[in-house]
Amino acid sequence: MRTEADVIVVGAGPGGAAAARYLAVEGFDVIALEKSHYPREKVCGDGLTPRAVKELQLIGLETPRDEGWIPNRGLRMVGGGHRLEFPWHDLESFPDYGLSLPRAQFDHRLAQHARAAGADVREGWHVDSLIVRDGDGEFVVDKDTAERAAAVRPGGEARVVGVIARETDEKGRKVGDPVEHRAPLIISADGVSARLALGLGIERKVNRPMGVAVRTYIETPRHEEEWMEGHLEIWSGERGSSNLLPGYGWIFPLGDGTANVGLGTLSAKGTPSGLDHRALMRDWLDHSAADWELGEQVGQIKGAAIPMAFNRQPHYVPGMMLVGDSGGMVNPFNGEGIAYAMQAARRATEAAVAARAAGNDDRAYQAALASYARMMKDDLGGYYSLGRVFATLIEHPTVMSICVKYGLPRPLVMEFVSRLLADVYEPRGGNWSDKLLSALVRIAPAA
Ligand SMILES: Cc1cc2nc3c(=O)[nH]c(=O)nc-3n(C[C@H](O)[C@H](O)[C@H](O)COP(=O)(O)OP(=O)(O)OC[C@H]3O[C@@H](n4cnc5c(N)ncnc54)[C@H](O)[C@@H]3O)c2cc1C
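So the sequence shown is residues 67 to 513, counted in the working numbering.
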């Protein structure tokens, strides 16, 4: 079995599979190691905004309806006594529709798409640790070498040169012996657990928002409806503005007899809220969404943390890039992460192509790879800084309550806010709200 490549990608969710595809298209020899076997469940809302659809178009993945991709025309928002529909805007830079597809299928198709371009995507390989080289030689990262591993930082001599992986069976149990895999570039796309980054001591930034969300699948006769629905009133306990939580519930129809139904809350500083999200979800559904005639629940309610606004940095250290959730790349305004993981994969590939052109000039090579982190900040840093302010504001129940009650029915306000929340606007030109939003994003410091 081949264990050396130009790039080793760890994790083949949307970030890793997209990276494997883009890199393979550029002629890199890529091995992607994914611990699970497809099709596998991933806790997600399964919803794709036009920003994510654009990423699918850029990567060349077809999305026909007869293969389960259900289009949506916009967002229906429910709250403060209002029920209003906001169609996706007709913009030059984005398609005017969103999509949904269960992640079990989505991730599998993206992985197949990577394979079709020549990437060697291996299922059932769990990466346990990194191999690092420093001035004293090579070592495997573990708790005994943690201090040495923390020296792998931009501009330093120590660099990641490989990974140790073990085969897993269908149940995810590690069954094989440890196998070294080596490459000059490792892409860590291992999701919110960020195991590889943590091994290098790259901790979560505590001044960034984190979400917690739960979801399940529920039968509904409205499963083919072409709207994503968001409920902006999630209460902890008694209904009253002082108990309004920062977050929302969603119903995303999937066209297969069910909808993905879920709920998420936000903490501006990532501090644990102590909330019982499953209980919140049951309470929300008991009081709302009767018009969906929700029937049998299919599967369990499952939850996960959502790392936002670049909460793990640096995104590049010598020999390794963080792509997607491992780098905390989820949008703090809406909890969307697939589009950004795919965008990061695209940018990572651009940097890898530039590094290849640097040839044997190590300084130029490292500088080209490091440009990945800068590109991500240029692309999203300003917008995410705005998102951090937003998260801090809506943590106050009164602010949240005023926004829902008085903001929602104001068309002029919502013209702007719907673009802001979805991150779907014309970056150059467009109407007044596009121009205002791009100006704010430019002014906001990227951090
Ligand atoms: C409840 C919930 C709802 C959400 N709803 C939406 C939504 O509707 N739309 C949206 O865009 N985003 C949503 N998100 C966020 C979205 O799920 C993530 O942002 C997205 O999955 C990030 O992709 P990724 O490739 O970075 O990580 P992941 O999708 O987590 O993929 C990581 C992959 O790495 C593999 N892996 C992990 N560790 C290892 C290892 N050591 N070795 C080998 N493989 C490994 C995992 O098996 C996995 O396949 C939601 C999140 C939650 C929790």
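Just so it is clear, CB atoms sit at the ideal spot from N, CA and C, and this is done for glycine as well.
Because the structure is a prediction, the values reported are computed rather than measured.
Give the DSSP-derived three-state secondary structure of Thr282 in the structure shown.
Locating residue 282 in the sequence shown gives position 216, counting from the first residue. The answer is strand: DSSP assigns Thr282 an E or B state.
Can you check DSSP and say which residues form a bridge with Ser333?
Reading the sequence shown from its first residue, position 267 is the one you call residue 333. Beta-bridge pairing links Ser333 to Met276.
Taking 8 Å as the cut-off, does the CB of Ser102 come closer than this to any heavy atom belonging to ligand 1?
Counted from its first residue, the sequence shown places residue 102 at position 36. Yes, ligand 1 has a heavy atom inside 8 Å of this Cβ.
Are the CB atoms of Val207 and Val227 nearer to each other than 9 Å?
As a working mapping, residue 207 is identified with position 141 in the sequence shown. As a working mapping, residue 227 is identified with position 161 in the sequence shown. For Val207 and Val227, no; Cβs fall outside 9 Å.
Among the candidates Gly365, Ile136, Gly134, Pro130, whose CA atom is the shortest distance from the CA of Tyr283?
Against the sequence shown, residue 283 aligns to sequence position 217. Tyr283 has its Cα closest to that of Gly365, out of Gly365, Ile136, Gly134, Pro130.
If you drop the 5 nearest sequence neighbours on each side, which residues of the same chain put their C-beta closer than 7 Å to that of Pro463?
Locating residue 463 in the sequence shown gives position 397, where the first residue counts as 1. If we look at Pro463 and ignore the five residues flanking it on each side, its Cβ neighbours are Ser307, Ser308, Asn309, Leu310.
Report the CB separation of Ser195 from Ile230 in whole angstroms; it is logged as a contact under 8 Å.
Walking along the sequence shown from the start, residue 195 turns up at place 129. Walking along the sequence shown from the start, residue 230 turns up at place 164. Rounded, the Cβ-Cβ distance is 5 Å, consistent with contact.
Hey, Gly403 and Ala255 are a contact pair by Cβ (cut 8 Å); roughly how many whole angstroms apart?
Numbered from its first residue, the sequence shown carries residue 403 at position 337. Numbered from its first residue, the sequence shown carries residue 255 at position 189. Not quite, the Cβ-Cβ distance comes to about 12 Å (not below 8 Å), so this is no contact.
Can Trp350 be considered in contact with ligand 1, in the sense that its beta carbon sits closer than 8 Å to one or more heavy atoms?
Residue numbering aside, residue 350 sits at position 284 when the sequence shown is read from its first letter. No, the beta carbon of Trp350 sits no closer than 8 Å to any heavy atom of ligand 1.
Is the beta carbon of Cys110 less than 9 Å from the beta carbon of Arg281?
Here residue 110 refers to the residue found at position 44 when the sequence shown is read from its first residue. Here residue 281 refers to the residue found at position 215 when the sequence shown is read from its first residue. The answer is yes: Cβ separation under 9 Å.
Classify Pro250 as buried or exposed, calling it buried when 16 or more other Cβ atoms lie within 10 Å of its own Cβ.
Within the sequence shown, residue 250 is the residue found at index 184, counting from 1. With 16 or more Cβ atoms within 10 Å of its Cβ, Pro250 is classed as buried.
In or out: Pro244 buried (at least 16 other Cβ within 10 Å) or exposed?
For the purposes of this step, residue 244 is taken as the residue at position 178 of the sequence shown. Exposed is the call here.
Among the residues of its own chain, which have a CB less than 7 Å from the CB of Ala420, if the five just before and after it don't count?
If you number the sequence shown from 1, residue 420 lands on position 354. When the five nearest sequence neighbours on each side are left out, the beta carbons in the same chain lying within less than 7 Å of the beta carbon of Ala420 are those of Ala434, Ser437, in order along the chain.
If distances are taken between C-alpha atoms only, which option among Ala217, Gly328, Arg261, Val76 comes closest to His343?
Residue 343 sits at position 277 when you count from the first residue of the sequence shown. Of Ala217, Gly328, Arg261, Val76, the smallest CA-CA separation from His343 is found for Gly328.
Can you give the Cα-Cα distance for Leu346 and Leu502, rounded to whole angstroms?
Stepping through the sequence shown from its first residue, residue 346 is reached at position 280. Stepping through the sequence shown from its first residue, residue 502 is reached at position 436. Those two C-alpha atoms are separated by around 36 Å.
On a Cα-Cα basis, can you pick out the residue from Val193, Arg274, Ala216, Ala263 that is closest to Arg239?
For the purposes of this step, residue 239 is taken as the residue at position 173 of the sequence shown. That would be Val193, whose Cα lies nearest to the Cα of Arg239.
How far does the beta strand (DSSP E) with Lys368 in it extend, from its first residue to its last?
As a working note, residue 368 is residue 302 in the sequence shown. Here the beta strand (DSSP E) through Lys368 covers 363-373.
With respect to the alpha helix (DSSP H) encompassing Arg261, which residues constitute its N-terminal and C-terminal limits?
Position 195 of the sequence shown, counting from 1, holds the residue named residue 261. It spans 261-265 - the alpha helix (DSSP H) in which Arg261 sits, taken as one unbroken run.
Would Lys120 be called buried (16 or more neighbouring beta carbons within 10 Å of its own) or exposed?
Along the sequence shown, one-based indexing puts residue 120 at 54. The residue in question, Lys120, is buried, as its Cβ has 16 or more Cβ neighbours within 10 Å.
Under three-state DSSP, which class holds Leu157?
Numbered from its first residue, the sequence shown carries residue 157 at position 91. Coil.
What does the alpha-carbon distance come out to for the pair Gly242 and Phe205?
Here residue 242 is taken as the residue at index 176 of the sequence shown, counted from 1. Here residue 205 is taken as the residue at index 139 of the sequence shown, counted from 1. A direct Cα-Cα distance of roughly 21 Å separates Gly242 from Phe205.
Is it the case that the CB of Met441 approaches a heavy atom of ligand 1 more closely than 8 Å?
Here the question's residue 441 lines up with position 375 in the sequence shown. Answer for Met441: no, Cβ out of range of ligand 1.
At 3 residues or longer, what runs of the beta strand (DSSP E) sit wholly inside the segment 376-411?
386-388
At a cut-off of 8 Å, would you count Leu167 as near ligand 1, judging by its Cβ distance to the nearest heavy atom?
Sequence index remark: in the sequence shown, residue 167 carries index 101 (1-based). No; taking the cut-off as 8 Å, the Cβ of Leu167 has no heavy atom of ligand 1 nearer than that.
Should Tyr406 be listed as close to ligand 1, given that the test is whether its C-beta is under 8 Å from any heavy atom?
Within the sequence shown, numbered from 1, the residue matching residue 406 stands at position 340. True, at least one ligand heavy atom lies under 8 Å from that Cβ.
Under a CB-based cut-off of 9 Å, is Ile230 close to chain D?
Absent from the structure: chain D. Only one protein chain is present.
Can you name the start and end residues of the beta strand (DSSP E) that Ala98 belongs to?
Walking along the sequence shown from the start, residue 98 turns up at place 32. It spans 96-100 - the beta strand (DSSP E) in which Ala98 sits, taken as one unbroken run.
With 16 other CB atoms within 10 Å as the buried threshold, where does Val272 fall?
The residue given as residue 272 occupies position 206 in the sequence shown. Exposed, since its Cβ has fewer than 16 Cβ neighbours within 10 Å.
So what does DSSP say about His192, is it helix, strand or coil?
Indexing the sequence shown from 1 puts residue 192 at position 126. Here His192 sits in strand by DSSP.
Is the beta carbon of Arg429 within less than 8 Å of some heavy atom of ligand 1?
As a first step, residue 429 must be located in the sequence shown, where it is residue number 363. It does not: the Cβ of Arg429 is nowhere closer than 8 Å to a heavy atom of ligand 1.
Cutting at 7 Å between CB atoms, please list the residues of its own chain near Tyr382, excluding the five before and the five after it.
Residue mapping note: residue 382 aligns to position 316 of the sequence shown, counting from 1. The residues are Pro220, Leu435, Ala436, Tyr438, Ala439.
Might you give, ordered along the chain, the residues of its own chain that have their beta carbon closer than 8 Å to the beta carbon of Glu362, omitting 5 neighbours on each side?
For the purposes of this step, residue 362 is identified with residue 296 of the sequence shown, where counting begins at 1. Closer than 8 Å at the Cβ level, and outside the excluded window around Glu362, lie Ile284, Glu285.
Kindly indicate which residue of Pro511, Tyr406, Pro105, Gly140 has the alpha-carbon position closest to the one of Leu122.
Residue mapping note: residue 122 aligns to position 56 of the sequence shown, counting from 1. The option with the nearest alpha carbon to Leu122 is Tyr406.
Is Asp342 near ligand 1, judged by its Cβ being under 8 Å from some heavy atom?
As a working note, residue 342 is residue 276 in the sequence shown. Checking the Cβ of Asp342 against ligand 1 gives no.
My assumption, with CB atoms under 8 Å, is that Asn138 sits in contact with Met294. Please give the rounded CB distance.
The sequence position of residue 138 within the sequence shown is 72, counting from 1. The sequence position of residue 294 within the sequence shown is 228, counting from 1. Right, their Cβ atoms sit about 5 Å apart.
In this structure, does DSSP put Ile136 in helix, strand or coil?
The residue you call residue 136 lines up with position 70 of the sequence shown. Here Ile136 sits in strand by DSSP.
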